[in-house]
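Residue numbers (this note's numbering), protein chains in the order written: chain A, 120 to 407; chain B, 3 to 650.
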């Protein structure tokens, strides 16, 4: 119990620091890939601090409430995960958070925000099956949905869940909002939807959105880590190395692709889920 | 009062009320009778559960059983005659053909063989029927109360010269409740069949409310056509029921559902009768290839849809399949049921994405959820049945709420199109809030349907049904998609809309509020429902129940989340100290957030529309695929069973 409380508190305090730092690293590496010097690594923190000082304005009475709920439930998602709770509970809470974000964008009735919200929904439709299949994969391999139990596994899940791992990495591009699937909003300035989903968010609300993404990214990388646990210290090392590799891979993908049409996002993710995910599940059935 | 008298009251009282409502034609009398009757029925349903809660139910011997059986037989003949006459009158001959085949078949069987088979306990109560009684009693009665106000508006909206046929409408509603009570408490399959046929006929008349018996110029042709479609499909299912009974009587010398389950539990195969009974369940639960009758049912006044979708009719179908679950599983019958359910769930969820008509979205969502329940029954493990029953409970409450909300919205804003519901929070704030609760209840954690879907998923993995697991992963994603875009539309803030909440009838708001509260309460109370009713029921039917899909720990977490959400909304929703500024519109916002200045200096109104992805999830495409796939599954499995019977 004490361990759980420590893990949750550590997540609440450390996740934004790690997440913000990773975001800074992302910008630095991206800049180098593009032959620029790039901002300081701590730039994301400066950005958010600046947002907090902006004038408090909003477009209606409810939008910021929904974003707050998004923020809260993203944190709750991560807390469940690091407390070792049920993976499905974790994923369903994340869905709840995402729905709050989408409804926030819809609530403004702003053209850009709404198109962004529709695209965000489409992205959910694209990645959700693979996310659920990933949870089922862990369950079939370790016999439990509980993250705490999965952590105790003495066999590394990765070799048995390799198809699912690849599928999960694929949809991670959508979750990280990276090109080619950064349809609903993007951290690049070159998009046709203004800021997409977040067009009408400003000041503290926008800061909350940024911080929520840091929390979310740390949790998602935690999912990647879960593929490599085997109860030994070197399993942890492989896990952390692989998390960093994955993050680098996503940055590389981001910089190597132009944005694609939404049809590509949904077609490819579903094909990946059906081929890699389902085949992997069937194979697990024979293994267990 | 003894239990048996409560049982008789539950079946007899709604019948008497129905007759009274048919005779008394004044509005005032109807208002009072319906309200009093609703209270009495709710009270009696709760009383029945309280009486039997300790013992967990009992089987009844009934002295007059033989006489009752004869009366039922006479009624069946009358029903068949009605069907034949109406079928000929409207020149739709398929329904009479089914009636002419099955009724004489049934009577021949009863007089020749059925007569010699002793039925010890024609009626019973167990924890599953208690749950059903509560659903029918509470949700069903609330719908009748809602109908009082709704039908006044409905009559008001009718063309000049259309006769007021509300007595007939309310007669059917209460008759329906009576038949449903009978259905969930009958152990004698012949009795159950009798109630089954009454519900088929009631829904036929209710769907055809705007068409049947009207003069040529007032007749809504679509209503007549859809009513006959529903009748034909359900009579086809009824034929399956009859064959199931005959097989059971001939080969196993029994007519009792409980005995059939016991025989199955002892290791003898009861696949042959099970497959025909399950087929009947599939038609009634509007599974593909028979889903079109339920979609056609939306031509009827809204209370009809609410009743058919939530507490009656389709729930009779899934009830039968859940009852049969112990003899399903990995056998031909079980595989048929789980495949039909799974395919229906997936394709109906997809089809719902492409719909703008709110009632159609609700209808496809019902078909999809029933598919999941049917699949749970087919899987037939304790875990799956737990999930299936939870789905029945949550779906009944939430779906009735949503239908009644859409019905009211339709009368107030003059449209049932989701695209016309933007800014509903300004126009009908209370209604929008109720609708939001209903939608959240249908797919979001920590609410009911999500809990059951979660349990369903776990039970599918545990029974090694990988295909069903994949189906549920994709189906859930689709479900979240269509509900969220509706939710978004509803939440869109639009300036300058007039608040018309006051035009809504008091009864309607009362029923909405009650159902919305129930939606939340059931979510808070489901661990109790599980431990008090479901687990003992499952232990009785499946032996020990060692694992449940959701641990107690998770159930508590979900309840806390419900409470947190309620509190968040109660304290923070709609409150802000921030300065409210105009939207960004690329062009110059004219100041009202609804129009902007375009490049030619003219004004352009903003119009926002949702995605429907017709090319992916078009209704027609989904139906064609679904009907073909499920027809093949059904024909193949029934063929196998008939083949083996021939060899017996």
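A virtual CB, placed ideally from N, CA and C, is assigned to each residue, including glycine.
CB contact below 9 Å: residue 432/B versus chain A = Answer no: the Cβ-Cβ gap between residue 432/B and chain A never drops below 9 Å.
Could you round the C-beta distance between residue 600/B and residue 606/B to whole angstroms and report it? I think they count as a contact, below 8 Å.
-> Their Cβ separation, rounded to whole angstroms, is 4 Å, which keeps residue 600/B and residue 606/B in contact under 8 Å.
How long is the line joining the alpha carbons of residue 182/A and residue 570/B, rounded to whole angstroms?
-> Counting only the Cα atoms, residue 570/B lies some 14 Å from residue 182/A.
Touch check for the region 286 to 294 of chain A and the region 382 to 395 of chain A: three-plus C-beta pairs under 8 Å?
-> yes
Under 8 Å between beta-carbons, which chain B residues line up against residue 120/A? List them in chain order, please.
-> In chain B, no part has a C-beta under 8 Å from the C-beta of residue 120/A; the shortest such distance is about 12 Å.
Those runs of the alpha helix (DSSP H) which lie wholly inside the region 176 to 237 of chain A and span at least 4 residues = 182 to 201 and 206 to 226
Stretch-stretch touch, CB-based, cutoff 8 Å, three pairs: the region 385 to 400 of chain B with the region 445 to 456 of chain B = yes
With 9 Å as the threshold, decide whether the Cβ of residue 221/A is near any Cβ in chain B.
-> For residue 221/A, the nearest CB of chain B lies under 9 Å from its own CB, placing it at the interface with that chain.
Sequence-distant residues of the same chain with beta carbon closer than 8 Å to residue 598/B, five excluded per side | 587, 588, 589, 590, 591, 592, 605, 606 and 608
Between residue 273/B and the rest of its own chain, which residues show a CB-CB distance below 7 Å, the 5 nearest in sequence each way excluded?
-> 333, 334, 335 and 643
Name the DSSP beta bridge partners of residue 581/B, please?
-> 176/A
Residues in the region 451 to 469 of chain B with C-beta within 8 Å of chain A's C-beta atoms, listed in sequence order?
-> 452, 456, 459, 460, 463, 466 and 468
Neighbouring residues, chain B, relative to residue 255/A (Cβ below 7 Å) = 463 and 471
Shorter than 9 Å from the beta carbon of residue 271/A to some beta carbon of chain B?
-> No, its Cβ sits nowhere closer than 9 Å to a Cβ of chain B.
Report the option in 324/B, 361/B, 356/B and 373/B whose CA atom is closest to the CA atom of residue 348/B.
-> 373/B
Based on the DSSP output, what are the partners of residue 127/B in its beta bridges?
-> 60/B
In its own chain, which residues sit with a C-beta less than 7 Å from the C-beta of residue 265/B, not counting the 5 before and 5 after it?
-> 254 and 272
In the region 487 to 515 of chain B, which residues sit with their C-beta less than 8 Å from some C-beta in chain A, listed in chain order?
-> 487, 489, 490, 491, 493, 494, 495 and 496
Along the chain, where does the beta strand (DSSP E) that runs through residue 598/B open and close?
-> 597 to 599
Cross-chain neighbours of residue 212/A in chain B, by beta carbon under 7 Å = 447
Cα-Cα, which of 339/A, 188/A and 346/A is closest to residue 200/A?
-> The shortest Cα separation from residue 200/A among 339/A, 188/A and 346/A belongs to 339/A.
Residue 336/A versus chain B: which residues are under 9 Å apart at the beta carbon?
-> Ordered by position in chain B, no residue passes the 9 Å Cβ test against residue 336/A, which lies about 21 Å from the chain.
Test: residue 355/A CB closer than 9 Å to a CB of chain B = no
Within 9 Å of chain A by C-beta, residues of the region 578 to 600 of chain B in sequence order = 578, 579, 580, 581, 582, 583, 584, 585, 586, 587, 588, 595, 596 and 598
Cβ neighbour criterion (16 or more within 10 Å) applied to residue 77/B | Its Cβ having fewer than 16 others within 10 Å, residue 77/B is exposed.
Proximal residues, the region 388 to 403 of chain A versus chain E, C-beta separation under 7 Å | Absent here is chain E; the protein component of the structure consists of chains A and B.
Interface flag, residue 170/B vs chain A, CB-CB below 9 Å | no
Could you say which of 336/A, 174/A, 135/A and 235/A lies nearest to residue 161/A if we only look at CA atoms?
-> Looking only at 336/A, 174/A, 135/A and 235/A, the smallest Cα-Cα distance to residue 161/A is reached by 135/A.
Listing by chain order, which chain A residues have their CB less than 8 Å from the CB of residue 576/B?
-> 180, 181 and 184
Residue 365/B and residue 307/B: beta carbons closer than 9 Å?
-> yes
The region 491 to 502 of chain B touching the region 527 to 542 of chain B, judged by at least three CB pairs closer than 8 Å | With contact defined as three or more Cβ pairs closer than 8 Å, the region 491 to 502 of chain B and the region 527 to 542 of chain B are not in contact.
Check the Cβ-Cβ distances between residue 233/A and every residue of chain B, and say whether any is below 9 Å.
-> yes
Per DSSP, residue 607/B is paired with what?
-> 597/B
Could you name the residues of the region 547 to 570 of chain B whose beta carbon sits closer than 9 Å to any beta carbon of chain A, in the order they occur along the chain?
-> 552, 553, 555, 556, 559, 560, 563, 566, 567 and 570
What is the DSSP secondary structure of residue 321/A, reduced to helix, strand or coil?
-> coil
Check whether the Cβ of residue 378/B lies closer than 9 Å to any Cβ atom in chain A.
-> Interface annotation, residue 378/B: not in contact with chain A, CB-CB separation never under 9 Å.
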